[in-house]
Amino acid sequence: MSYEGYVIAAYGVFMVVMLWDFFAPRIQVRQQLRAARMRAARNEKGKATGPRPPEAPLPRG
Amino acid sequence: MNPIVRWFHQLGSPPYFERFAARWAPIAYGIGLLVMAYGLYGALFVVPADYQQGDSFRILYIHVPSAWMSMAVFGLMAVYAAIALVWRIKLCEILAMACAPIGAAFTLITLATGSIWGKPMWGTWWDWDPRLTTELILLFLYLGVIGLYNAIDDRRNAARAAGLLAIVGVALLPVIHYSVTWWNSLHQGQTIRLFGQSHMDPSMLPPLWAMVIGTHVWFVGSLLARARADNLRRESGKDWVARLAEPRT
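Okay, here's the thing in structure tokens:
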């Protein structure tokens, strides 16, 4: 009457779901911070290159 | 102004909440983990096997706390959603939506461990019993809230729509709780009581209460961590998020 396999399976499910619950928000926070970092870098790059010069008119004829 | 009221007002500020959640989530996770480790040790190695169910009854120590959490989290989600709908508090929208995946996780654990426990005790993995069926509907409600929140582009409208579903879904909670009383059920009746005499031997109870407390504290950590992620997503264009993302020198 040990039912060891059932006990291990149940506790295994518990552990897996709790691990997911721990790591999922951490991954989301990292993704958001990485996206913010990339956005900031893109803005800096845009400032450094300055506004684009007006395009030259197409030659006629 | 009253310091507690002032603190609540401050907590509504996204940068303040970010600092608060980043500080307290790891602490709550840590305390929850320690208390659950104590409970799991007691459940697996200290309490004696049940005279009828043998060792399979040890599944109770994860099944019952998860089942309680699955309902408590839904109730809390509905409270946050109601506050968000009435007073339009953005933080409450975030907290309500952060509750959904955690509650779904606990409901999934409840159903899976119940099924695993049911096989040796009832001779079947699943039965369309009132308690099992209503708990499955609870999982679908959680998935509905998550799906609705992610299906609408505007975060605030999405939170309001999903929050409304959460508020309506609260009607299911008493049905789950009293399902073993109202109908003939394969599931056993209430054996553990918060108040009054439990039908369990007192030597078996301390790990259970440790697991109940541990899962609650863990939930606080998870709620803060998930709310933090959603808060950052909503505020992604703001200067304070850009400053936060700057590499530290």
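If you read the sequences in order, they're chains G and H. Counting in this note's numbering, the first sequence runs from 1 upward without gaps. Counting in this note's numbering, the second sequence runs from 62 upward without gaps. Cβ atoms here follow ideal geometry from the backbone N, Cα and C, with glycine treated the same way.
is_contact[glycine 115 of chain H, chain G] using C-beta, thresh 8 Å: Residue 115 of chain H sits at position 54 when you count from the first residue of the second sequence. It does: the Cβ of glycine 115 of chain H has a partner Cβ on chain G nearer than 8 Å.
Alpha-carbon to alpha-carbon, arginine 67 of chain H and methionine 182 of chain H: For the purposes of this step, residue 182 of chain H is identified with residue 121 of the second sequence, where counting begins at 1. For the purposes of this step, residue 67 of chain H is identified with residue 6 of the second sequence, where counting begins at 1. Taking the CA atoms as reference points, methionine 182 of chain H sits about 54 Å from arginine 67 of chain H.
Partner residues on chain G for lysine 180 of chain H, Cβ-Cβ distance less than 7 Å: For the purposes of this step, residue 180 of chain H is identified with residue 119 of the second sequence, where counting begins at 1. The answer, in chain order, is Tyr6.
Inter-residue spacing [alpha-carbon to alpha-carbon] between valine 125 of chain H and arginine 119 of chain H: Mapped onto the second sequence, residue 125 of chain H falls at position 64. Mapped onto the second sequence, residue 119 of chain H falls at position 58. The C-alpha of arginine 119 of chain H is placed about 11 Å away from the C-alpha of valine 125 of chain H.
Residues from the segment 194-221 of chain H in contact with chain G, defined by Cβ distance under 7 Å: Residues of the segment 194-221 of chain H with a C-beta atom less than 7 Å from some C-beta of chain G do not occur.
Three-state secondary structure (DSSP) of aspartate 111 of chain H: Here residue 111 of chain H is taken as the residue at index 50 of the second sequence, counted from 1. Here aspartate 111 of chain H carries a strand assignment [DSSP, helix/strand/coil].
Neighbour flag for leucine 19 of chain G against chain H, beta carbons, 8 Å: Translated into positions along the first sequence, residue 19 of chain G becomes position 19. For leucine 19 of chain G, no CB of chain H lies under 8 Å from its own CB, so it is not counted at the interface with that chain.
Burial state of glycine 298 of chain H (16 or more Cβ within 10 Å): Here residue 298 of chain H refers to the residue found at position 237 when the second sequence is read from its first residue. Note on glycine 298 of chain H: under 16 other CB atoms within 10 angstroms of its CB, so exposed under the neighbour-count rule.
Member of H:Leu305, H:Leu285, H:Arg304 and H:Glu307 whose CA lies at the smallest distance from the CA of phenylalanine 22 of chain G: Working through the first sequence from its first residue, we reach residue 22 of chain G at position 22. Nearest C-alpha to phenylalanine 22 of chain G: H:Leu285.
Minimum C-alpha distance to tryptophan 148 of chain H - residue among H:Val229, H:Thr276, H:Gly250 and H:Arg217: Residue numbering aside, residue 148 of chain H sits at position 87 when the second sequence is read from its first letter. Cα-wise, what sits closest to tryptophan 148 of chain H is H:Arg217.
Beta-carbon proximity check, leucine 33 of chain G vs leucine 305 of chain H, cutoff 8 Å: Start at 1 with the first residue of the first sequence, and residue 33 of chain G comes out as number 33. Start at 1 with the first residue of the second sequence, and residue 305 of chain H comes out as number 244. Yes, these two residues count as a Cβ contact at 8 Å.
7 Å CB neighbourhood of valine 313 of chain H in its chain, flanking five on each side removed: Past the edges of chain H, shown from 62 to 310, lies residue 313 of chain H, and the structure says nothing about it.
Candidates H:Ile123, H:Gln113 and H:Pro76, of which the one nearest tryptophan 270 of chain H by Cα: Looking up residue 270 of chain H in the second sequence gives position 209. When only C-alpha atoms are compared, the closest one is H:Ile123.
N- and C-terminal bounds of the alpha helix (DSSP H) containing leucine 94 of chain H: Translated into the one-based positions of the second sequence, residue 94 of chain H becomes position 33. Annotation for leucine 94 of chain H: the continuous alpha helix (DSSP H) segment containing it runs 75-102.
Contact with chain H by alanine 10 of chain G, beta-carbon distance below 8 Å: Along the first sequence, read from residue 1 onward, the residue named residue 10 of chain G stands at position 10. It does; some Cβ of chain H falls within 8 Å.
Sub-8 Å separation of alanine 83 of chain H and methionine 272 of chain H beta-carbons: Walking along the second sequence from the start, residue 83 of chain H turns up at place 22. Walking along the second sequence from the start, residue 272 of chain H turns up at place 211. Methionine 272 of chain H sits away from alanine 83 of chain H, with the two beta carbons spaced by 8 Å or more.
Short Cβ contact (8 Å threshold) for serine 246 of chain H with proline 191 of chain H: Your numbering for residue 246 of chain H matches position 185 in the second sequence. Your numbering for residue 191 of chain H matches position 130 in the second sequence. Yes, Cβ-Cβ distance for serine 246 of chain H and proline 191 of chain H is below 8 Å.
Contacting residues, own chain, Cβ-Cβ under 6 Å from alanine 223 of chain H (five flanking each side not counted): To locate residue 223 of chain H, count along the second sequence from 1; it is residue 162. So the qualifying residues of the chain are Val206, Leu209 and Tyr210.
Check whether leucine 200 of chain H and alanine 165 of chain H have beta carbons under 8 Å apart: Walking along the second sequence from the start, residue 200 of chain H turns up at place 139. Walking along the second sequence from the start, residue 165 of chain H turns up at place 104. Taking 8 Å as the cut-off, the Cβ atoms of leucine 200 of chain H and alanine 165 of chain H count as close.
As assigned by DSSP and simplified to three states, the class of glutamate 44 of chain G: Here residue 44 of chain G is taken as the residue at index 44 of the first sequence, counted from 1. Note: glutamate 44 of chain G maps to helix in three-state DSSP.
Cβ-based burial, leucine 95 of chain H [other Cβ within 10 Å; buried from 16]: Within the second sequence, numbered from 1, the residue matching residue 95 of chain H stands at position 34. The residue is exposed, with fewer than 16 neighbouring Cβ atoms inside 10 Å.
Own chain, CB closer than 6 Å to alanine 89 of chain H, minus 5 neighbours either side, in chain order: Within the second sequence, the letter at position 28 stands for residue 89 of chain H. Shown here for alanine 89 of chain H: same chain residues with a beta carbon closer than 6 Å to its own, the five before and five after excluded, namely Val278, Val281 and Gly282 in chain order.
Sufficient close CB pairs (3 or more, under 8 Å) joining the segment 170-180 of chain H to the segment 258-268 of chain H: Counting Cβ pairs under 8 Å, fewer than three are found: no touch.
Cross-chain neighbours of alanine 40 of chain G in chain H, by beta carbon under 8 Å: Position 40 of the first sequence, counted from the first residue, corresponds to residue 40 of chain G. Around alanine 40 of chain G, the beta-carbon contacts reaching into chain H at under 8 Å are Ala303, Ala306 and Glu307.
Buried or exposed (CB count within 10 angstroms, at least 16 for buried), glycine 46 of chain G: Position 46 of the first sequence, counted from the start, is the residue given in the question as residue 46 of chain G. Classification for glycine 46 of chain G: exposed.
Cβ-based neighbour list, arginine 288 of chain H, same chain, cut-off 7 Å, excluding 5 preceding and 5 following: Mapped onto the second sequence, residue 288 of chain H falls at position 227. Checking the sequence shown, residue 288 of chain H turns out to be alanine, not arginine. So the list reads Ala82, Ile155, Leu156 and Ala159, once near-sequence residues are dropped.
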